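Participant:
Protein chains: 4
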Amino acid sequence: MIIVMKRDASSRELSTVVTRVEELGYRAHLSHGEERTIIGVIGNGRPLNREHIERMSGVERTLPILRPFKLAGRDFQPQDTVVEVNGVTIGGQQLIVMAGPCAVESREQLLEAAHAVKKAGASVLRGGAFKPRTSPYDFQGLGEEGLHLLAEARQEVGMPVVTEVMDPQLVPLIATYADILQVGARSMQNYALLHAVGEAQRPVLLKRGMMSTVEELLMAAEYILSHGNKRVILCERGIRTFETYTRNTLDINAIPVLKGLTHLPVVADPSHGTGKWELVAPAARAAVAAGADGLIIEVHPHPEQALSDGAQSLKPERFAALMDELRLVAEAVGRKI
Amino acid sequence: MIIVMKRDASSRELSTVVTRVEELGYRAHLSHGEERTIIGVIGNGRPLNREHIERMSGVERTLPILRPFKLAGRDFQPQDTVVEVNGVTIGGQQLIVMAGPCAVESREQLLEAAHAVKKAGASVLRGGAFKPRTSPYDFQGLGEEGLHLLAEARQEVGMPVVTEVMDPQLVPLIATYADILQVGARSMQNYALLHAVGEAQRPVLLKRGMMSTVEELLMAAEYILSHGNKRVILCERGIRTFETYTRNTLDINAIPVLKGLTHLPVVADPSHGTGKWELVAPAARAAVAAGADGLIIEVHPHPEQALSDGAQSLKPERFAALMDELRLVAEAVGRKI
Amino acid sequence: MIIVMKRDASSRELSTVVTRVEELGYRAHLSHGEERTIIGVIGNGRPLNREHIERMSGVERTLPILRPFKLAGRDFQPQDTVVEVNGVTIGGQQLIVMAGPCAVESREQLLEAAHAVKKAGASVLRGGAFKPRTSPYDFQGLGEEGLHLLAEARQEVGMPVVTEVMDPQLVPLIATYADILQVGARSMQNYALLHAVGEAQRPVLLKRGMMSTVEELLMAAEYILSHGNKRVILCERGIRTFETYTRNTLDINAIPVLKGLTHLPVVADPSHGTGKWELVAPAARAAVAAGADGLIIEVHPHPEQALSDGAQSLKPERFAALMDELRLVAEAVGRKI
Amino acid sequence: MIIVMKRDASSRELSTVVTRVEELGYRAHLSHGEERTIIGVIGNGRPLNREHIERMSGVERTLPILRPFKLAGRDFQPQDTVVEVNGVTIGGQQLIVMAGPCAVESREQLLEAAHAVKKAGASVLRGGAFKPRTSPYDFQGLGEEGLHLLAEARQEVGMPVVTEVMDPQLVPLIATYADILQVGARSMQNYALLHAVGEAQRPVLLKRGMMSTVEELLMAAEYILSHGNKRVILCERGIRTFETYTRNTLDINAIPVLKGLTHLPVVADPSHGTGKWELVAPAARAAVAAGADGLIIEVHPHPEQALSDGAQSLKPERFAALMDELRLVAEAVGRKI
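From first to last, the protein sequence lines stand for chains A, B, C and D. In terms of the working numbering, the first sequence opens at residue -1 and continues consecutively. In terms of the working numbering, the second sequence opens at residue -1 and continues consecutively. In terms of the working numbering, the third sequence opens at residue -1 and continues consecutively. In terms of the working numbering, the fourth sequence opens at residue -1 and continues consecutively.
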């Protein structure tokens, strides 16, 4: 950390800050510039709380030098993490496509979707049993019945299943049915939930909050990692901006940024990232071209009847066409689907 | 809801949409303009899922006419809700100031803060026992021990206590100690939590998410109201914008907007809304001038030693001076503190 | 336009609004819903000023039905505009890469860059002579001397040249040297400048403002088109969001959105869109995969000595490698470079 | 400036960076931490281009220590600047209210508004002759005819006049009619215009761009100051955020932030800052309570007939009532109107 003293800080203020830094177990290294004196705080392995210093008399501001995440960073682990789940590997050479309906609505709907996405080349089946909805009057998912249907679909089509968990209490239940636990965008900073999935024996698909920075996403991953679960998959799913034409703005920059900062696999969600089915294909191709390790895509056999997110779901035939496009783009960037 | 048909929609597409609207139990009212045909959907009391229609052939887009919240809106209840808690009324003529440390750190710290804010004129004591922190390595609060200390402080100074709840499982425990349950900004769309506090017998202080629109805040309140708890207090606490000089941007517009849309009391949090102690006073005065029903302010006897949010906490003497300023501003807008 | 009346609007207020709509030369079409009466305003070809109506008694709000742009829209011209400049066509099957230094710094620097980008496959040379800089103390460009150098480079390498114009007075001068006039992001709503380039006999590269919506970009294009210049090329160059890790957030969604709404060519600027050279390649590949008609990329022979934007400039050898990657991605989406 | 070296930077890379810093005329001061080596760059009065260093091998990133503005900052001039124009002083104890119609539409409209705002206590008359409009099909202002009317109104009511200038070429013309030159939000980074008003003999009202940080606003002021014009008044007028209920989000925090960083007067525009007339009064009161030196407010005798911004204009009687409210709030914070 760097401490910038005010222009008119007195030498007494300076020495008080230095003393405080040293009391806290750090070394202080002074540098007298023409307009400001700055103090380099030399660490002892533990981060120093910036706010303790910023409130001291004579201090203008502080600047962090190190990134706040550790376990998630490439400093800690340079080589890529590859998450293995039921024979599917995420984060390797092969791109993984997770697909299926936004919400599990019925046995027929789920199985029709599952067979279709499997046939088109998806490796993981997605489907929501417990749905976060902005309105209490909207369909909230089938709950445990949805989990039974997911388990049945997994059995029938032979694909691992990813589903969202919102309530820490339900982690053990959902973990008995699902192969991958999804932490949704609205739950990215639900620390009780991060704690709970950090102790689960299942890989976690962690979605970036719609107004969370890349660093905050990595700090949320850090919560899970620090509770012992090393199998975390990050997901860029669009951020909230001033643009209202699309539901969210898929942050394509975040994909290479994350790949540079962390060893964890990074997938993209072009369905939520755009909110409009006709934009899903170009956004999916872009994510692959930018280096994503996979995609998660909403597919519904009859989107116009979907109980949730119909506007952004692909029909099975469009999804199959998209998979063909993605194979070409993946190959162009030296990957495979 | 209004359905806008595409410019080149066929009459067959139009009639299919009309049939669908009628099948769903609504009436369709056509209006043929020069460039577009639009369909007015006349309600049956239940909202129509826009996405069912937007995916239909020939449809360009849909426009909602009604706001999605009901119980929270002034259409439903024109007169102001006044929340009463242990003799303190929030939402009436009197402005209420809630104050205290960000986190409960020790018996001494809490009691010192409690006596100071009480003396300066605060009506409710704030203090966090379970803290949401972006880093798993930061102080996470004293937990249940903090609740004991809050109960002791309430007893000693005679003020109701507000504290944050993050985990739905802990609602019953926290409700036995706290007079007001706070749902923090990061939990505003934690639906399991909204459900749990909706069934609690305690008023709820619901903070706006830093990424949430005014409408989403009201929909979160709607969750609580629809589960039977009518005592909801809304809190504007700053939103995330591109400006980085302040930690958040206190959305002063939101105060009169909310007062117009809802009957619920609206308070403001200038501490989180700015993130810098030297901005707390001007932001607090502004919130009162804009019509807030109260404030929640962080006060710490020794901010430079605070384990959390020291940079935005006021010292007791500054808080007392601010209370004097606020009395004058409140009077200028016809209110009292 | 749709007018939504307040729930408690009187019949007198309703009839006053209807009369006003008719006085203004439109027809009013009423639809009485359960909770609101709405009025469809049927056009006469001219847009109705929403604000005239929104201030009337009994009116809750208005909703526009038609997009505000005309000449830029696909309703007006369904087929793609292809801009031809000195034998280079932009907006067709072939993808166009514009490349060169951010600022023209010297004859040597410009020629070295020009030869390098030409050799690697770029079709248009970029280079700034008049530079918009946030600080008055930064290098402001070589001015007219820079234009001479650009003309010389064009002659020597045989590529058309694009350069920025900021001052409407300088449009005639710059148009004598440049083949394409660039309107920068900060000038997107400089209406005097849009007017001036709208009357120039040169194609215009119009960059999206960093906080401008897609619709505002199209309205800026509308200004140019409405002054008679049909050769407008749109450029997505990153928007400002809360994320600070990258300088801007390249809005990849905007590319397919624009291609759907307008017939004008759309290119992307991954250099400004990311602000970091190491992100330029993934963002460029993503833009091509998302359907961009071209790219504009900063290349500098010695980025560490650049007087402007060195952090986001590619070295010639990296640019050449990127061109090879882009050829593969372009082919994967059925285009050519 | 601080240079942070990469964790694995070699000693050769380190010495190359140090040599470069010294070649550029600065001194380098090394500090070896546990995880990173950092270099403090000790200045020679001129700022060092960060990008020159960031592209060097072994460098992770750089951190600026000093704010980039000088003439605008309190380091340069601690005491408040008070702008005097025709007997009106802006930036002193007295709060100044500028009011009038968005656009000058006719002699009658302008004079009616001018008399009304004068009577209610405004000190400066506002009115647009040249209007920036997002659509080329909207009313663009009366142009020079509008300037004549403003001059007539000034004569008749005896108030200085503020009007917007968009085109650098028109600065001399407008300066012959107007007492204060307004640079609008969309022009805040129009450097040709900043240069032109910097050389004019008139005070400048500089509005913050809706996409601009506080620091960028100060850098725009720096342009004007560095061209010799010391009479700059800053204006917070709302920023663009994700919230769509209001047209903009008035950044109330920016008022005390600016007052801390700069000696220039700061006024607020609650009309554009909210976009809705019913929010103007609470936002205006809030701005005064937060420490603004004045306000600029749109007043129109017949807002429902306004050719521009009718939705946010106050009627004269509401403006007069607001002035009464503002007098009370001003007094509460120790100021006068």
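We put the beta carbon where it would ideally sit given N, CA and C, even for glycine. None of these values were measured; they are calculated from a predicted model.
Taking DSSP as the reference, what is the three-state secondary structure of Ser185 (chain D)?
Facilitator: helix
Participant: Between Glu49 (chain C) and chain D, is the shortest Cβ-Cβ distance under 8 Å, so that the two count as touching?
Facilitator: yes
Participant: Go through its chain and collect everything with a Cβ distance to Pro263 (chain D)'s Cβ below 8 Å, but skip five positions before and after it.
Facilitator: Asp78, Thr79, Val80, Val81, Ile88, Gly89, Ile231, Leu232, Asp291, Gly292
Participant: What are the residues in the stretch 76 to 98 of chain C lying within 8 Å of chain A by C-beta distance?
Facilitator: Listed in sequence order: no entries.
Participant: Can you name the residues that DSSP bridges to Gly126 (chain A)?
Facilitator: A:Ala101
Participant: Mind pulling the chain B residues with CB within less than 8 Å of Val19 (chain C)?
Facilitator: What Val19 (chain C) touches in chain B: nothing, since even the nearest Cβ is about 13 Å away.
Participant: Sort out for me which residues DSSP pairs Lys205 (chain C) with in a bridge.
Facilitator: C:Cys233.
Participant: Using CA coordinates, which residue listed in B:Glu11, B:Arg65, B:Gln91, B:His113 is at the minimum distance from His298 (chain B)?
Facilitator: B:His113
Participant: Is Ala288 (chain A) near Ile335 (chain A), with beta carbons less than 8 Å apart?
Facilitator: no
Participant: Anything in chain C within Cβ reach of Glu106 (chain D), meaning under 9 Å, just list it in chain order.
Facilitator: Simply none; closest approach about 18 Å.
Participant: What is the DSSP secondary structure of Gln107 (chain C), reduced to helix, strand or coil?
Facilitator: helix
Participant: Three or more beta-carbon pairs under 8 Å between the stretch 1 to 19 of chain A and the stretch 56 to 65 of chain A, yes or no?
Facilitator: yes
Participant: Should Tyr243 (chain C) and Thr60 (chain A) be called a contact, given that it needs their Cβ atoms to be closer than 8 Å?
Facilitator: no
Participant: Are the stretch 212 to 228 of chain D and the stretch 183 to 195 of chain D touching, with three or more C-beta to C-beta distances below 8 Å?
Facilitator: yes
Participant: If the cut-off is 7 Å on Cβ atoms, which residues from the stretch 128 to 158 of chain C count as contacting chain D, listed in chain order?
Facilitator: Pro130, Thr132, Ser133, Pro134, Tyr135
Participant: Give every residue of the same chain whose Cβ lies closer than 6 Å to the Cβ of Ala279 (chain D), excluding the five residues on either side of it in the sequence, and list them in chain order.
Facilitator: Leu320
Participant: Please tell me whether, using a cut-off of 7 Å, the distance from the CB of Leu69 (chain C) to the nearest non-hydrogen atom of the ligand FMN is below it.
Facilitator: The model depicted lacks the ligand FMN and carries no ligand whatsoever.
Participant: Thinking C-beta only, is Ile51 (chain C) closer than 8 Å to Ile1 (chain C)?
Facilitator: yes
Participant: One question on the structure: do Val202 (chain D) and Arg229 (chain D) come within less than 8 Å of each other, judged by their Cβ atoms?
Facilitator: Going by C-beta atoms, Val202 (chain D) is nearer than 8 Å to Arg229 (chain D).
Participant: Buried or exposed, going by whether 16 or more other CB atoms sit within 10 Å of the CB of Glu21 (chain A)?
Facilitator: exposed
Participant: If we define contact as Cβ-Cβ less than 8 Å, is Pro301 (chain C) a contact residue for chain D?
Facilitator: yes
Participant: Here's the rule I'm using: 16 or more other beta-carbon atoms within 10 Å means buried, otherwise exposed. How should Lys117 (chain B) be labelled?
Facilitator: exposed
Participant: Which chain A residues are close to Gly258 (chain B), counting only those with a beta carbon under 8 Å from its beta carbon?
Facilitator: Going along chain A, no residue has its Cβ under 8 Å from Gly258 (chain B), so there is no contact; the nearest lies around 21 Å.
Participant: Nearest-angstrom Cα distance between Ala266 (chain A) and Ser121 (chain A)?
Facilitator: So the alpha carbons of these two residues sit roughly 15 Å apart.
Participant: Could you compute how far the alpha carbon of Gly139 (chain D) sits from the alpha carbon of Glu214 (chain A)?
Facilitator: 47 Å
Participant: Could you please give me the residues that DSSP links to Gly71 (chain D) through a beta bridge?
Facilitator: D:Thr260
Participant: Given Gly226 (chain D), which residues of its chain have a CB within under 8 Å of its CB, disregarding the five upstream and five downstream residues?
Facilitator: Gly196, Glu197
Participant: Quick one: give me the first and last residue of the alpha helix (DSSP H) that Gly144 (chain B) is part of.
Facilitator: 142 to 155
Participant: Label Glu33 (chain D) either buried or exposed according to how many other C-beta atoms from any shown protein chain fall within 10 Å of its C-beta, with 16 as the threshold for buried.
Facilitator: Classification of Glu33 (chain D): exposed, given that the 10 Å Cβ count is below 16.
Participant: Rounded to the nearest angstrom, how far is the Cβ of Glu234 (chain B) from that of Arg206 (chain B), given a contact under 8 Å?
Facilitator: 6 Å
Participant: Among the residues of its own chain, which have a CB less than 7 Å from the CB of Val255 (chain A), if the five just before and after it don't count?
Facilitator: Val212
Participant: Along the stretch 50 to 64 of chain A, where does the CB come closer than 7 Å to a CB of chain B? Name the residues.
Facilitator: His50, Glu52, Arg53, Met54
Participant: Starting from Val286 (chain B), trace the alpha helix (DSSP H) in both directions and tell me its first and last residue.
Facilitator: 275 to 287
Participant: Using 8 Å as the cut-off, can you tell me whether the stretch 99 to 114 of chain B makes contact with the stretch 295 to 311 of chain B, which would need three or more C-beta pairs spanning the two stretches below that distance?
Facilitator: In short, these stretches touch, since the Cβ pair count reaches three.
Participant: Would a check of beta-carbon distances place Phe67 (chain C) closer than 8 Å to chain A?
Facilitator: no
Participant: In the DSSP output, what is Leu179 (chain A) paired with across the bridge?
Facilitator: For Leu179 (chain A), which the question treats as bridged, DSSP gives the partners A:Thr161, A:Val202.
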